[in-house]
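Participant: My questions all concern the structure below.
Residue numbers (our numbering), protein chains in the order written: chain U, 2 to 551; chain W, 3 to 42.
This is how it looks when you write it as structure tokens:
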């Protein structure tokens with residue numbers, strides 16, 4: 002077990018994550034009923050306010066706090082207990098992130114920031130909302146540098162050695178996060194804050210959106226890579242095998258540093274202010290980022306097959322039956338992976354330049370991120386939560402909790418299938434997102450979209466309700482594992498942190514040479530962004546004043 | 003660096019078939035939306 006102080010820090014991160022999860026999922030439930038016209042919000046609360054809260058609290062706050070809990074625990078386990086400085090800066094980082102979170106959430110609740118998750122200008126929130134976001138990012142940077150400091154101490158004490166795979170992957174994710182945040186920090190500090198506080202009258206909208214997506218796409222990988230860490234490092238241990246290939250795993254991760262950042266324009270393919278050449282270049286780079294995900298898919302199947310064959314499986318797919326289906330730690334993550342197959346395929350469609358026109362700004366996109374971040378990432382985090390909290394609190398993961406965990410992941414899967422299938426189909430038919438009026442104020446053509454069994458508002462509401470039920474079961478499991486489950490006194494009751502062995506003997510050292518990867522990453526960023534961004538600044542269109550449409 | 007032979011002798015036919023299935027799903031979904039794009 003890791004040191005008590007490190008456990009305490011991780012538990013605080015988890016506690017905040019699940020408070021955000023509770024509020025965020027409640028906001029999701031409200032939305033499906035509003036869309037169904039079954040719920041009228043009180044005058045002080047509007048649809049865009051709860052949509053903003055849903056996006057920010059789940060996609061940003063829940064994920065980030067959970068990720069740091071996972072990193073703190075895994076780093077403490079894989080490379081040793083934190084030193085006093087690392088611990089101090091980790092706590093400072095935690096509190097600054099939390100203050101930013103509370104400030105931004107307070108602004109949303111006060112109705113001063115119904116600007117949705119992407120906070121696109123010229124929608125203008127209170128300046129304090131942007132200050133909250135800035136503090137949030139600064140807090141995560143402090144925590145990130147604390148973890149990098151911890152890693153550097155290990156490297157100094159183990160000269161010439163490759164770090165343990167968990168630590169390597171954590172640092173890769175953090176490097177990606179630090180570079181990605183440069184975009185959002187630039188736009189929030191130099192554009193949004195002066196504009197929202199009235200120090201400048203107008204904002205360069207195209208530049209602000211481009212800087213947001215410089216951050217926004219790698220943000221997706223900031224969510225995904227911790228899930229991949231679980232897939233590469235935790236799952237093999239549960240399966241009883243070694244990490245399939247240490248070199249492949251490390252290469253996949255560094256490819257994400259290279260190709261997840263210079264790709265933000267694929268979110269802006271319908272925007273007029275960027276020339277087709279730069280859009281096309283970034284579309285090509287986006288397709289490069291598919292490679293490490295396909296490498297991951299191969300590795301996962303290989304793990305499953307090797308494990309199954311070790312247990313006596315024969316035939317082409319005999320190993321499938323031999324997987325540990327009764328172990329919720331595995332089954333949860335397996336379902337998460339399965340959802341990522343259509344999720345990833347949908348992502349390829351979104352990024353395919355012309356095909357983007359079919360799905361852009363439709364409910365398809367909402368369906369897409371519910372079967373990417375909403376299930377592959379979130380359900381991996383759920384699968385980790387089941388054992389991570391008992392591991393940190395020293396409590397049992399009892400039989401009844403295990404059964405409840407199965408109920409939770411099955412209900413989440415059913416709810417998500419119903420809701421996201423409806424959203425995908427409706428999007429293809431033309432139903433828009435980011436609006437409370439997806440049916441164009443009951444226009445007859447639009448109303449027909451919602452007549453199908455799979456695409457009716459009722460199906461979506463049923464799906465959303467099942468998801469909320471599932472979320473509440475998870476909250477119950479979290480509370481029990483934190484405070485109420487019996488203490489694991491006997492050794493056999495103690496919950497382990499499953500971390501697979503990884504054979505580093507054949508791994509080339511250059512895979513952990515950060516100068517190479519950060520250097521290439523910046524070169525690619527300069528190639529993809531320097532000219533279009535400078536052109537947006539030098540040939541800036543007239544700026545826009547702020548609008549408060551709510 | 004010595005030749006990496008830690009994977010020699012593994013039976014990964016199922017893995018090959020599985021990644022092919024993933025590939026087919028990607029292609030089918032892409033072609034469906036592409037046909038919709040052409041049709042509009």
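Glycine included, each C-beta is placed from N, C-alpha and C at the ideal position. Since the model is a prediction, treat every value here as computed from it, not as a measurement.
Would you say residue 16 (chain W) faces chain U, with C-beta separation under 7 Å as the test?
Facilitator: Answer yes: the Cβ-Cβ gap between residue 16 (chain W) and chain U drops below 7 Å somewhere.
Participant: Cβ of residue 356 (chain U) less than 7 Å from any chain W Cβ?
Facilitator: So, interface residue.
Participant: Against chain W, with Cβ distances strictly below 7 Å, would residue 30 (chain U) count as a contact?
Facilitator: Taking Cβ atoms only, chain W never reaches closer than 7 Å to residue 30 (chain U), which makes this a no.
Participant: Comparing the CB of residue 105 (chain U) with every heavy atom of the ligand MN, is any distance shorter than 6 Å?
Facilitator: Annotation note on the ligand MN: not contained in the displayed structure, which lists no ligands.
Participant: Report yes if the CB atom of residue 24 (chain W) is closer than 7 Å to the CB atom of residue 298 (chain U), and no otherwise.
Facilitator: Yes, these two residues count as a Cβ contact at 7 Å.
Participant: Going along chain W, which residues have a C-beta under 8 Å from residue 343 (chain U)?
Facilitator: Result: 27, 31.
Participant: What alpha helix (DSSP H) runs, 4 residues minimum, are completely inside the stretch 364–450 of chain U?
Facilitator: Taking only runs of at least 4 residues, the alpha helix (DSSP H) segments lying wholly in the stretch 364–450 of chain U are 364–371, 379–394, 400–430, 445–450.
Participant: Nearest to residue 551 (chain U) by alpha carbon, out of U:436, U:532, U:529?
Facilitator: The option with the nearest alpha carbon to residue 551 (chain U) is U:436.
Participant: Over the uninterrupted alpha helix (DSSP H) stretch that includes residue 115 (chain U), give me the two end residues.
Facilitator: Run containing residue 115 (chain U): none; DSSP gives neither H nor E here.
Participant: Roughly how many angstroms separate the alpha carbons of residue 69 (chain U) and residue 11 (chain U), rounded to a whole number?
Facilitator: Cα-Cα distance, rounded: 7 Å.
Participant: Below 7 Å on C-beta distance, what does residue 306 (chain U) contact in chain W?
Facilitator: Those within 7 Å of residue 306 (chain U) in chain W are 14, 16, 17.
Participant: Mark residue 276 (chain U) as exposed unless 16 or more other C-beta atoms lie within 10 angstroms of its C-beta, in which case mark it buried.
Facilitator: Burial call: exposed.
Participant: Let's see if you can read the secondary structure: which residues bound the alpha helix (DSSP H) around residue 218 (chain U)?
Facilitator: Residues 206–230.
Participant: Spell out whether any CB of chain U is found under 7 Å from the CB atom of residue 38 (chain W).
Facilitator: Taking Cβ atoms only, chain U reaches closer than 7 Å to residue 38 (chain W), which makes this a yes.
Participant: Can you tell which of U:244, U:260, U:548 has the C-alpha that lies nearest to the C-alpha of residue 302 (chain U)?
Facilitator: Among U:244, U:260, U:548, the Cα nearest to that of residue 302 (chain U) is on U:244.
Participant: Are the CB atoms of residue 454 (chain U) and residue 415 (chain U) within a distance shorter than 7 Å?
Facilitator: Against a cut-off of 7 Å, the Cβ pair of residue 454 (chain U) and residue 415 (chain U) comes out as no contact.
Participant: Quick one, which residues of the stretch 397–430 of chain U are near chain W if we go by CB-CB under 8 Å, in chain order?
Facilitator: Cβ contacts with chain W come from 429.
Participant: So, residue 500 (chain U) versus residue 238 (chain U), is the Cβ gap smaller than 7 Å?
Facilitator: Contact flag set, yes.
Participant: Express the C-alpha separation of residue 507 (chain U) and residue 3 (chain W) in angstroms, rounding to a whole number.
Facilitator: In this prediction, residue 3 (chain W) has a pLDDT of 45, which is less than 50 and means its spatial position is unreliable; nothing more can be read from the coordinates.
Participant: DSSP state of residue 163 (chain U), grouped into three classes?
Facilitator: Residue state, collapsed to three classes: coil.
Participant: Cα-Cα, which of U:291, U:423, U:33, U:367 is closest to residue 60 (chain U)?
Facilitator: The candidate whose alpha carbon is nearest that of residue 60 (chain U) is U:367.
Participant: Is any beta-carbon of chain W found at less than 7 Å from that of residue 249 (chain U)?
Facilitator: No, no contact with chain W.
Participant: Quick check: is the beta carbon of residue 359 (chain U) nearer than 7 Å to any beta carbon in chain W?
Facilitator: Chain W contact via Cβ: present.
Participant: How would you call residue 218 (chain U), buried or exposed, if buried means at least 16 neighbouring beta carbons within 10 angstroms?
Facilitator: By the 10 Å Cβ count, residue 218 (chain U) comes out buried.
Participant: Consider the Cβ of residue 350 (chain U): report whether some Cβ of chain W lies at a distance smaller than 7 Å.
Facilitator: Yes, residue 350 (chain U) lies at the interface with chain W (some Cβ there is under 7 Å from its Cβ).
Participant: Using the rule of at least 16 other Cβ atoms within 10 Å of the residue's Cβ for burial, across every protein chain shown, is residue 148 (chain U) buried or exposed?
Facilitator: So residue 148 (chain U) counts as buried.
Participant: Thinking C-alpha only, which one of U:123, U:307, U:8, U:233 is nearest residue 296 (chain U)?
Facilitator: Taking only the C-alpha atoms, the option nearest residue 296 (chain U) is U:233.
Participant: Just to confirm, is the Cβ distance from residue 429 (chain U) to residue 456 (chain U) under 7 Å?
Facilitator: No, the pair does not count as a contact, with Cβ atoms beyond the cut-off.
Participant: Going by alpha carbons, who is nearest to residue 189 (chain U) out of U:215, U:484, U:432, U:387?
Facilitator: When each option's Cα is compared against that of residue 189 (chain U), the closest is U:215.
Participant: Give me the chain W residues within the contact set of residue 504 (chain U), using Cβ-Cβ distance strictly less than 9 Å, ordered along the chain.
Facilitator: Chain W residues near residue 504 (chain U): 8.
Participant: Residues of chain W with CB under 8 Å from residue 347 (chain U), in chain order?
Facilitator: Residues of chain W passing the Cβ test: 31.
Participant: Can you find the residues in the same chain that come closer than 8 Å, C-beta to C-beta, to residue 362 (chain U), ignoring five residues on each side of it along the sequence?
Facilitator: Contacts found: 271, 433, 434, 435.
Participant: In terms of alpha-carbon separation, which member of U:320, U:378, U:291 lies closest to residue 352 (chain U)?
Facilitator: Closest option to residue 352 (chain U), Cα to Cα, is U:291.
Participant: Looking at chain W, is there any beta carbon in it that lies within less than 7 Å of the beta carbon of residue 279 (chain U)?
Facilitator: It does not: the Cβ of residue 279 (chain U) has no partner Cβ on chain W nearer than 7 Å.
Participant: Measuring CB to CB, does residue 300 (chain U) end up less than 7 Å from residue 264 (chain U)?
Facilitator: Not a contact, by the Cβ cut-off of 7 Å.
Participant: Rounded to whole angstroms, how far is the Cβ of residue 58 (chain U) from the Cβ of residue 21 (chain U), which I believe are closer than 8 Å?
Facilitator: With 8 Å as the limit, residue 58 (chain U) and residue 21 (chain U) qualify as a contact, their Cβ atoms being about 4 Å apart.
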